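Chemist: This is the structure I want to talk about, given as structure tokens.
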């Protein structure tokens with residue numbers, strides 16, 4: 001399947017000499033939700049800005065829907081909607097006017113019915129005549145999404161869409177993203193809430209110091225990098241790890257024994273058999289799997 | 001040309017003008033009326049005719065030009081600076097628009113406001129003094145050309161400025177003095193010879209002279225020279241704007 005976004009050898013060095021992006025190569029498939037994760041200053045926003053034409057890449061090539069963002073920038077940009085990280089709105093405009101402006105500036109004819117649908121979908125319809133500066137932060141965030149959707153983009157960039165948004169609205173935003181995906185919109189998401197990426201993304205890209213260090217299907221990452229720990233609560237404290245378990249990553253913490261599970265070395269059944277053979281009384285057994293957040297921390301620390 | 005997008009920017013900017021009617025239209029019209037009262041009636045009644053024209057009538061083209069010039073710059077500069085300041089400029093810059101389309105949208109809106117303002121001042125002048133327009137076509141031509149040229153100049157200032165203080169710096173420290181010394185209130189021929197020569201370095205002299213000619217058939221410099229000078233300023237502004245968008249100067253880091 002042809003990528004909706006194709007980035008090759010992208011570099012961005014700012015005037016002061018700071019290199020924000022280093023040889024980025026990335027393919028985003030149509031219709032997927034792609035989460036771009038990375039610590040602050042990793043280059044996530046610079047990458048998005050480069051694709052949207054808001055910053056000038058130093059070198060490299062970016063194609064959106066097969067169109068070069070430099071040579072065919074009009075065709076490329078028509079496909080893209082952007083919700084930037086900062087809450088930037090025209091303070092003195094009404095919700096209706098600002099969303100209509102966004103549609104117009106992307107060259108689309110006025111379509112009141114379509115704008116009405118977007119505002120209703122985003123629970124903004126009853127605020128359509130409100131001046132933007134009178135809206136709450138969450139409402140402004142919705143307006144920005146409405147603006148980005150007003151010209152019916154094929155690719156939607158959501159740069160920290162739920163930053164500073166309450167739990168209810170955040171969940172509403174997740175539902176909206178799912179609906180957009182169902183409509184075939186490709187979504188590129190950056191977020192600090194890793195659980196958000198874990199919940200929604202099909203694929204995840206990790207960016208660190210301007211470099212993409214991993215791009216993988218979410219499920220594969222979870223399988224590949226996720227670690228299972230078996231935590232056994234003992235009836236009596238042990239002084240030493242039994243000899244039969246010494247070749248494993250087994251640690252004692254008070255009345256707890258933690259086994260960083262490695263099936264290739266010893267499976268669950270064999271591990272429990274050893275405990276039985278050694279007459280070690282067990283009170284409780286729990287298994288814990290690392291979350292995407294743990295994987296993220298692990299990757300960032302490397 | 002993406003006319004829908006240009007229209008969206010134009011309408012958006014014009015809507016801002018109607019929202020701030022007192023600031024964009026009423027204030028300049030009132031201040032010009034005050035000029036007519038002070039210079040036209042109070043002081044002007046004690047001044048002889050200038051080039052065969054009563055002083056009150058003589059200052060009309062200059063006052064219109066003064067307002068059109070300063071308002072073109074401030075409207076346009078503010079029009080592009082404000083979205084830059086608030087961050088909403090991202091939308092226009094990420095839209096499928098060429099630099100020309102962006103400029104046309106903003107500059108035409110700013111120029112339209114100035115032209116409306118100029119015509120309103122002209123209408124107001126009729127209440128105070130006799131005004132005749134010898135060359136209506138050229139009057140409109142000079143008005144539109146000046147409004148467009150200085151709106152473009154203001155657009156550049158708006159892109160260059162990084163604070164509200166910088167936004168005001170060039171209009172206040174350079175443009176206003178040049179406008180006042182450009183013959184709004186006097187004929188260049190009334191100045192001592194050395195100042196006449198120095199005045200020729202002031203581009204505003206050519207604008208006002210050409211514009212006044214379209215009213216009273218009287219000019220300090222040749223009309224063709226006025227047109228060439230305005231044309232040159234416009235060409236320089238167009239070139240600088242092209243460079244701004246080509247290099248992303250202060251718009252795209």
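Protein chains in written order, with the working numbering: chain A, 1 to 302; chain L, 1 to 253.
Here a beta-carbon is modelled for each residue, glycine too, at the ideal position from N, C-alpha and C.
Fair warning: this is a prediction, and the values are worked out from it, not measured in the lab.
1) If the cut-off is 8 Å on Cβ atoms, which residues from the region 79 to 91 of chain A count as contacting chain L, listed in chain order?
2) Could you please give me the residues that DSSP links to residue 59/A through a beta bridge?
3) Output, in chain order, the set of chain A residues within a Cβ distance shorter than 8 Å of residue 5/L.
4) Mind checking residue 96/A: buried by the 16 CB within 10 Å criterion, or exposed?
5) Using a Cβ cut-off of 8 Å, which residues of the region 79 to 104 of chain L contact any Cβ in chain A, in chain order?
6) List, in order along the chain, the chain A residues whose C-beta lies closer than 7 Å to that of residue 8/L?
7) Only counting runs of 3 or more residues, tell me where the beta strand (DSSP E) segments fall wholly within the region 118 to 168 of chain A, in order along the chain.
8) Pairing CB atoms from the region 44 to 64 of chain A with CB atoms from the region 221 to 240 of chain A, are three or more of them under 8 Å?
9) Taking residue 4/L and residue 107/A to be in contact with their CB atoms under 8 Å, please state how far apart those CB atoms are, rounded to whole angstroms.
10) Give a yes or no on whether the minimum CB-CB distance between residue 55/A and chain L is below 8 Å.
11) Using CA coordinates, which residue listed in 271/A, 82/A, 109/A and 217/A is at the minimum distance from residue 187/A?
12) Quick one: which chain L residues come within Cβ less than 9 Å of residue 147/A?
13) Of all the CB atoms in chain L, is at least one closer than 8 Å to the CB of residue 77/A?
14) Could you check whether the Cβ of residue 2/L sits closer than 8 Å to any Cβ belonging to chain A?
15) Between the alpha carbons of residue 39/L and residue 56/L, how many angstroms are there, rounded?
16) Contact defined as beta carbons within less than 8 Å: I believe residue 20/A pairs with residue 12/A. What is the distance between those atoms, to the nearest angstrom?
17) What is the DSSP secondary structure of residue 161/L, counted as helix, strand or coil?
18) Can you list, in chain order, the residues of its chain whose CB lies under 8 Å from that of residue 243/L, leaving out five sequence neighbours each side?
19) Leaving out five residues before and five after residue 230/A in sequence, what residues of the same chain have Cβ atoms less than 6 Å from its Cβ?
20) If distances are taken between C-alpha atoms only, which option among 268/A, 179/A, 17/A and 66/A comes closest to residue 7/A?
21) Run through chain L and tell me which residues come within less than 8 Å of residue 73/A, C-beta to C-beta.
22) CB-CB under 6 Å to residue 154/A, same chain, minus the five flanking residues each way: which ones, in chain order?
23) Helix, strand or coil for residue 191/L per DSSP?
24) From the DSSP output, in three-state form, read off residue 94/A for me.
25) Just confirm the distance between the C-beta atoms of residue 94/A and residue 62/A, as a whole number of angstroms; I'd bet it's less than 8 Å.
26) What span of residues does the beta strand (DSSP E) with residue 208/A cover, start to end?
27) Verify whether the separation of the beta carbon atoms of residue 65/L and residue 208/L is less than 8 Å.
28) According to DSSP, is residue 116/L helix, strand or coil?
29) With C-beta atoms as the reference, is residue 233/A less than 8 Å away from residue 193/A?
30) Tell me residue 232/A's beta-bridge partners as DSSP assigns them.
31) List the residues that DSSP assigns as beta-bridge partners of residue 251/A.
32) With three or more beta-carbon pairs closer than 8 Å as the criterion, would you say the region 215 to 226 of chain L touches the region 37 to 53 of chain L?
33) Just to confirm my understanding: we take residue 221/A, look at its own chain, exclude 5 residues before and 5 after, and list those with CB closer than 7 Å. What are they?
34) Out of 93/L, 87/L, 226/L and 214/L, state which residue places its alpha-carbon closest to the alpha-carbon of residue 60/L.
35) Thinking C-beta only, is residue 123/L closer than 8 Å to residue 75/L?
36) Evaluate the contact criterion for the region 197 to 212 of chain L versus the region 129 to 136 of chain L: three or more CB pairs, one atom per stretch, below 8 Å.
Modeler: Per the coordinate set shown:
1) 80, 82, 84, 86, 88, 89, 90 and 91
2) 11/A
3) 104, 105, 106 and 107
4) buried
5) 83, 86, 87, 88, 90, 91, 92, 93, 94, 95, 96, 97 and 98
6) 101, 104 and 105
7) 155 to 159
8) no
9) 5 Å
10) yes
11) 82/A
12) 91
13) yes
14) yes
15) 7 Å
16) 5 Å
17) coil
18) 249
19) 259, 261 and 287
20) 66/A
21) 96
22) 79
23) coil
24) strand
25) Contact flag wrong, Cβ pair sits at about 35 Å.
26) 203 to 208
27) yes
28) helix
29) no
30) 257/A and 285/A
31) 258/A
32) yes
33) 204 and 295
34) 214/L
35) no
36) no
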